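Chains as they are written, first to last, in my numbering: chain L, 1 to 223; chain Z, 1001 to 1223.
2 protein chains.
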Amino acid sequence: MIKVAIVDDKPQNRNSIKEKLIYSGEAEVIFTAQNGKDFLEQMEALKTASRPQVVLMDIEMPLMDGIAAVGIASITYPDTRYLMLTVFDNDDKIFDAIKAGAAGYFLKDESVEKIITGLKQIIEDGGAPMSPRIARKALNMLMSNPAPATAGPDDILNVLSDREAEILKLLVDGMDHIDVAEKLFLSPHTVRKHIANIYGKLHVTNRSQVVKLAMKRRWFMLF
Amino acid sequence: MIKVAIVDDKPQNRNSIKEKLIYSGEAEVIFTAQNGKDFLEQMEALKTASRPQVVLMDIEMPLMDGIAAVGIASITYPDTRYLMLTVFDNDDKIFDAIKAGAAGYFLKDESVEKIITGLKQIIEDGGAPMSPRIARKALNMLMSNPAPATAGPDDILNVLSDREAEILKLLVDGMDHIDVAEKLFLSPHTVRKHIANIYGKLHVTNRSQVVKLAMKRRWFMLF
DNA sequence: TATCTTTTAATCCAAATGGGTTATTGTACA
DNA sequence: TGTACAATAACCCATTTGGATTAAAAGATA
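Rendered as structure tokens:
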């Protein structure tokens, strides 16, 4: 049973979706809310374990709309997934919602089967219901803000030597060249030469930039 | 004029694309290369400012193929964008190339207009040419990559003042205290005082540690 | 063997950094 | 109206850092 919450300002919408989900026997409706503010208050009142796994959230609502609510909730309750409810598939607000932290969306007149399939999918493999057009737009956004997980630890070793990679890892851990020298039984001079070579290869000019790059590319997953 | 490099093992392919681009008057071909290795050597020989903005890269080539080349180049030259050249739109290797760091691809028999449009787009708004099918696949890959987002009681703005957060962001971008002072019209003394306060609040002792922490917690990457 | 790369180590200098301390101004809050 | 805090700015000092250059030894490769 998938634990779901429904947020919509129109009572008939809430009830219609709720009944569909309950009738399917696959989902259980933890609570319903009338707007973003109401939703956040009800989430706060619940214990962690009893919070919904998925929230179906209308975009346009009074007091606090769905985009604002997702923006907050996706930070404060990151384990819950957020799916928007919309009438049009080409709504620019869908994209705003994805930026705010929504995983995907359903059309309001979607069949029960499609909704249930989508819910299962998002719980099981994280795949979110989304049209190719929106997917494309979201991807562009992710790609322009350089990508996580494109280059793994293997790729960095094609660029840096083993020793350089070893030293870079220690730099990322916040050590200075003296610490590194002691840890690796090297002269501080040697360590500094390696660091200079690393900067050259990665085209950065200081410690912050190289740490940022290494973290962004997730080169050393061991922390 | 968009600065482009072309990498393809077949001379007639290189020339055909090169002439199309030059004829359009929109792009300038910085250099051409025969394979991945040749490409990397020519990149290394160039000064940063004169490197291509976009590289059109064939996938299958002798010595070093396009995927391996992009894997390395997207790390060593992250400011350059990489677009693959392929015959088939459903080639699984396109997906491998995207994982390695490519932004998108062109079909080899694409019209000049489409190529120019694609090049402009990638420079201006980061949008990469890609079919919806491939986009969806790539998006799923990126989305399944978990988002840590452990905000809450730890939320950055509850700890740091607005000014401190502003300065921290610039530090993460690799600026030193002089750069920050100029950017914010402050005295370098003031900036250093803020930095010291940030370190104190976050319990770190140097630049690397604070950059690592900010990146790990994703404080300044709302996506 | 000759050559290349990696790793090691050193020198020099100028600049940036970290760790203290002190002090003035402005704003918000009780 | 006083007090707290944020933001501003300055001073000190020792250490770390970045950049440039040189060079020796070990290992791999052709």
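C-beta: ideal position from N, C-alpha, C; glycine also. Note that the structure is predicted; figures quoted are calculated from it, not measured.
Here DSSP, grouped into helix, strand and coil, assigns Z:Gly1066 to helix. As for any alpha helix (DSSP H) of minimum length 4 sitting wholly inside the stretch 74–127 of chain L, the runs are 92–100, 112–124, ordered along the chain. With distances taken between CA atoms, L:Lys169 lies nearest to L:Leu213 out of L:Gly36, L:Thr190, L:Leu213. Around the CB of L:Tyr23, fewer than 16 other CB atoms lie within 10 Å, so the residue is classed as exposed. Nearest to L:Leu119 by alpha-carbon distance, out of L:Val204, L:Phe185, L:Arg192, L:Leu83, is L:Leu83.
Check the Cα spacing between Z:Asp1009 and each of Z:Glu1060, Z:Ile1017, Z:Ile1002: the tightest is with Z:Glu1060. Among the residues facing chain L, Z:Leu1171 is included, as its CB has a counterpart in that chain under 9 Å away. Across the stretch 185–216 of chain L, CB contacts with chain Z closer than 8 Å involve Lys201, Leu202, His203, Val204, Thr205, Asn206, Arg207, Ser208, Gln209, Val211, Lys212, Leu213, Met215, Lys216, in sequence order along the chain. By the rule that beta-carbons nearer than 9 Å mark a contact, Z:Tyr1105 does not touch chain L.
The criterion of a C-beta distance shorter than 9 Å is satisfied by Z:Gln1053 and Z:Val1004. L:Asp38 sits in a helix when the DSSP states are folded into three classes. Using a Cβ-Cβ distance cut-off of 8 Å, the stretch 1036–1047 of chain Z and the stretch 1014–1023 of chain Z are not in contact, since fewer than three pairs of beta carbons, one from each stretch, lie closer than that value. No Cβ of chain Z is located within less than 9 Å of the beta carbon of L:Met57. In the three-state reduction of the DSSP assignment, L:Thr32 falls in the strand class.
Within chain L, the residues Val159, Lys201, Leu202, His203 have their CB atoms less than 8 Å from the CB of Z:Thr1076, given in chain order. Your pair Z:Ser1050 and Z:Ile1030 checks out as a contact, with CB atoms roughly 7 Å apart and the cut at 8 Å. A direct Cα-Cα distance of roughly 18 Å separates L:Asn197 from L:Gly174. For the alpha helix (DSSP H) assignment, the uninterrupted runs of no fewer than 4 residues enclosed by the stretch 157–203 of chain L are, from N- to C-terminal side, 162–172, 177–184, 188–202.
L:Met43 sits in a helix when the DSSP states are folded into three classes. Identification of chain Z residues near L:Gly174 by a Cβ-Cβ cut-off of 8 Å yields Val1204, Thr1205, Asn1206, Ser1208, Gln1209, Lys1212, ordered along the chain. Closest in alpha carbon position to Z:Phe1039, among Z:Glu1028, Z:Tyr1077, Z:Ile1116, is Z:Tyr1077. The beta carbon of L:Val211 sits closer than 6 Å to those of Val172, all from its chain and outside the five residues before and after it, given in chain order.
A Cβ-Cβ contact shorter than 9 Å links L:Ile67 with L:Lys93. A Cβ-Cβ distance of about 5 Å is found for the pair Z:Ile1006 and Z:Leu1056, placing them in contact under the 8 Å criterion. Taking C-beta separations shorter than 6 Å and ignoring five residues to either side along the sequence, the partners of L:Ala69 in its chain run Gly36, Phe39, following chain order.
If the five residues before and after L:Thr190 are omitted, its C-beta is found closer than 8 Å to the C-beta atoms of Ala181, all from its own chain and listed in chain order. Leaving aside the five residues that flank Z:Leu1160 on each side, the residues in its chain whose CB is nearer than 7 Å to its CB run, in chain order, Leu1168, Ile1198, Lys1201. The beta carbons of L:His177 and L:Arg192 sit closer together than 9 Å.
Beta-carbon to beta-carbon, L:Asp58 and L:Leu85 are separated by about 5 Å, close enough to satisfy the 8 Å threshold.
Any Cβ of chain L closer than 9 Å to the Cβ of Z:Ile1072 would place that residue at the interface, and such an atom is present. The shortest C-alpha to C-alpha distance from L:Val204 to any of Z:Met1001, Z:Asp1079, Z:Val1087, Z:Lys1108 is the one to Z:Asp1079.
Going by DSSP, L:Ile17 is part of the alpha helix (DSSP H) stretching over 11–24. For Z:Val1112, same chain residues with a beta-carbon under 8 Å away, outside a window of 5 residues either side, are Lys1020, Leu1021, Tyr1023, Ser1024 in chain order.
In the DSSP annotation of this structure, Z:Ala1005 is not part of any alpha helix (DSSP H); the continuous beta strand (DSSP E) holding it starts and ends at 1002–1007.
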